[in-house]
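K.L.:
Below you'll find the structure I mean.
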Amino acid sequence: MKKRNNKLSLIFTPIVFCLVMCLAVAAAVLPKYDKLSTLAGMFISDTQIDYSSAYENIFVPTKNSGDTVNAKDVEFPGVNKQFGKLKIKGTKVDAKLFYGDGTVPLRNGVGIYGGSFIPGYGKTILVAGHNNTYFNGLKKVKKGDIVKINTSYGNYEYKVTNTAIRDHKDKKAYDLEADHENLILYTCYPFDSLGLTNQRFFVYAEKVKGPKIVGLYE
Amino acid sequence: MKKVIALLAVVLIAVLSCTSVFAAGLNSSEQSVLSNMRTPANMKGNSVYVPSSYINQAEARFNTIDMTSDQASKINGLINQGRSFLQSTGKDSIKKLTSSQLNTLMGYASQAAAVLDVKVPAGADTENLKIINSAGEVIIDDDGNVIKATGAQPEFNLVPFMVSVAATLLVLCAAGVIVRRKALQYEKA
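Spelled out as structure tokens, the structure:
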């Protein structure tokens, strides 16, 4: 009888142990799911998506750093298309520039929000990038630094005027109705945090060089 | 609220489906539509505006098309109808509209889609506003958030993760059972 009980305990004890441990792990994981999933996702993934080839590149370097470029010579980029490069001297920021700020652009570089404008348009340019990859280098940016943007229709430079940490819902962090050309770069803050955060690190810059797109209004 | 704004925006920027050609600049037809989009609807004394982010997206797209005056006329007609409808609801804000009223608003979007051959695959049911042109190209993809989540976000599902944890525990338990049995055999010997 005692021998039989021993055998049963050898079978059931591991099963009960597994169930209890699974529940304990679930209870511990769920409240911090975002951060843990980010960490685990670096090692485990049930999907294999090749984002590297999921976009079109229309960027062809040009030497135009003049004062103007005609609108008819500008190919306005479509969503998820790479149309330029963005670089900040003195930092590690050196990324492909996309139109759109969805998954594909932010996996492969940095992206302009579709509700803002492209360089040279004379209005706000709002650029997003991930804090753990292409915009991690924003932490080294300081006032006076130059942000260089190269597109197929012109080369631009913007001087950093300010940086700020703001909440992601703070609508005062940007002005999409501005009537002068200004560049805003942002990424999640703190820079080395995992998962989603509520704060963003913003870099504000003003245009100092590059062709203005003329002939926009016929 | 984001969904409601997206629904309204569908009506107003469905115009982006016009045949895409390589032609930059804004002609008078496109400028008239943009101007009309900036005109607020009066909902019981409250001025309700289309968010500037949506108007900017329309402007960006207008730079890639050549809108005819006929198209602009139809589009402006739809915008006016949408605005008149909002004013006639008797509500003082969009978020107070009933589902029936929202459906009516969506009706304008469908009409615009039918006339202009645009597809709105997900905008009506989710907060993500996506518009695809007749060539299948995504021309608008907006989740309603201006500022995006830019933290590390790999693809990851909880289920396979938990299965992995359970499998690991089972293996450890099995190993424990084997070790225990060997120990008992050793004790008996």
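Protein chains in written order, with the working numbering: chain L, 1 to 218; chain P, 1001 to 1189.
All C-beta atoms in this analysis are idealised placements derived from N, C-alpha and C, irrespective of residue type, glycine included.
Please read all numbers here as calculations on a predicted model, not as lab measurements.
Strictly under 8 Å for the Cβ-Cβ distance: is Gly90/L near chain P by that measure?
P.N.:
Chain P, which has no Cβ nearer than 8 Å to the Cβ of Gly90/L, makes this no.
K.L.:
Hey, out of Gly1090/P, Glu1059/P, Cys1173/P, whose CA is closest to Ser9/L's CA?
P.N.:
Considering only alpha carbons, the answer is Cys1173/P.
K.L.:
DSSP on Phe17/L, reduced to helix/strand/coil?
P.N.:
Helix, per DSSP.
K.L.:
For Asp1070/P, decide whether its Cβ has a neighbour in chain L, counting only Cβ atoms nearer than 8 Å.
P.N.:
So, not an interface residue.
K.L.:
In chain L, which residues lie with their C-beta within 7 Å of the C-beta of Asn1056/P?
P.N.:
Simply Gly115, Ser116, Phe117, Leu176.
K.L.:
What span of residues does the beta strand (DSSP E) with Lys1096/P cover, start to end?
P.N.:
Careful: Lys1096/P lies outside any beta strand (DSSP E) and carries neither H nor E.
K.L.:
Assess contact between the stretch 1033-1042 of chain P and the stretch 1077-1086 of chain P, defined as three or more Cβ pairs (one per stretch) separated by less than 8 Å. Is contact present?
P.N.:
The stretch 1033-1042 of chain P, when compared against the stretch 1077-1086 of chain P, does touch it at the 8 Å Cβ threshold.
K.L.:
Can you give me the C-alpha to C-alpha distance between Ile15/L and Thr1150/P, rounded to a whole angstrom?
P.N.:
Taking the straight line joining both Cα atoms gives about 41 Å.
K.L.:
Could you give the uninterrupted runs of the alpha helix (DSSP H) lying entirely in the stretch 90-161 of chain L, keeping only those of 4 residues or more?
P.N.:
You should have 103-108.
K.L.:
Residues in the same chain with beta-carbon distance under 6 Å from Asp101/L, minus the five sequence neighbours each way, listed in chain order, please.
P.N.:
Cβ within range, chain order: Gly111, Tyr113, Ala128.
K.L.:
Does the count of Cβ pairs from the stretch 134-154 of chain L and the stretch 76-92 of chain L closer than 8 Å reach three?
P.N.:
Enough Cβ pairs lie closer than 8 Å, so yes.
K.L.:
For Gln82/L, write down the residues that DSSP places opposite it in a beta bridge.
P.N.:
Per DSSP, Asn57/L, Phe98/L.
K.L.:
Excluding sequence positions up to five away, which residues of its chain have a Cβ less than 7 Å from the Cβ of Glu206/L?
P.N.:
Excluding residues within five positions, the ones whose Cβ falls inside 7 Å are Tyr158, Lys159, Thr161, Asn182.
K.L.:
Taking Cβ positions only, does Leu1034/P come closer than 8 Å to chain L?
P.N.:
Answer no: the Cβ-Cβ gap between Leu1034/P and chain L never drops below 8 Å.
K.L.:
Which of helix, strand or coil does DSSP assign to Asp1142/P?
P.N.:
In this structure, Asp1142/P counts as strand in the three-state DSSP scheme.
K.L.:
Quick one: using the 10 Å Cβ neighbour count with 16 as the cut-off for buried, is Val1033/P buried or exposed?
P.N.:
Buried: at least 16 other Cβ atoms inside 10 Å.
K.L.:
State buried or exposed for Leu23/L, treating a residue as buried only when at least 16 other CB atoms are found within 10 Å of its CB.
P.N.:
It is exposed - the Cβ of Leu23/L has fewer than 16 other Cβ atoms within 10 Å.
K.L.:
So, does the stretch 1063-1080 of chain P touch the stretch 193-207 of chain L, judging by three or more C-beta pairs under 8 Å?
P.N.:
Too few Cβ pairs lie closer than 8 Å, so no.
K.L.:
Can you grab the Cα-Cα spacing for the pair Val208/L / Tyr156/L, in whole Å?
P.N.:
Approximately 8 Å, taken between the alpha carbons.
K.L.:
Let me check understanding here. Comparing Cα to Cα, which of Leu1170/P, Tyr1186/P, Val1050/P, Ser1099/P lies closest to Glu11/L?
P.N.:
Sequence inspection shows Ile at residue 11/L; the Glu mentioned does not correspond to that position. Out of Leu1170/P, Tyr1186/P, Val1050/P, Ser1099/P, Leu1170/P has the C-alpha closest to the C-alpha of Ile11/L.
K.L.:
How many angstroms separate the CA atom of Thr1104/P from the CA atom of Ser1093/P?
P.N.:
Going from the Cα of Thr1104/P to the Cα of Ser1093/P covers about 16 Å.
K.L.:
Given that a residue counts as buried once 16 or more other Cβ atoms are within 10 Å of its Cβ, and exposed if not, what is Thr1168/P?
P.N.:
Exposed, by the Cβ-count rule.
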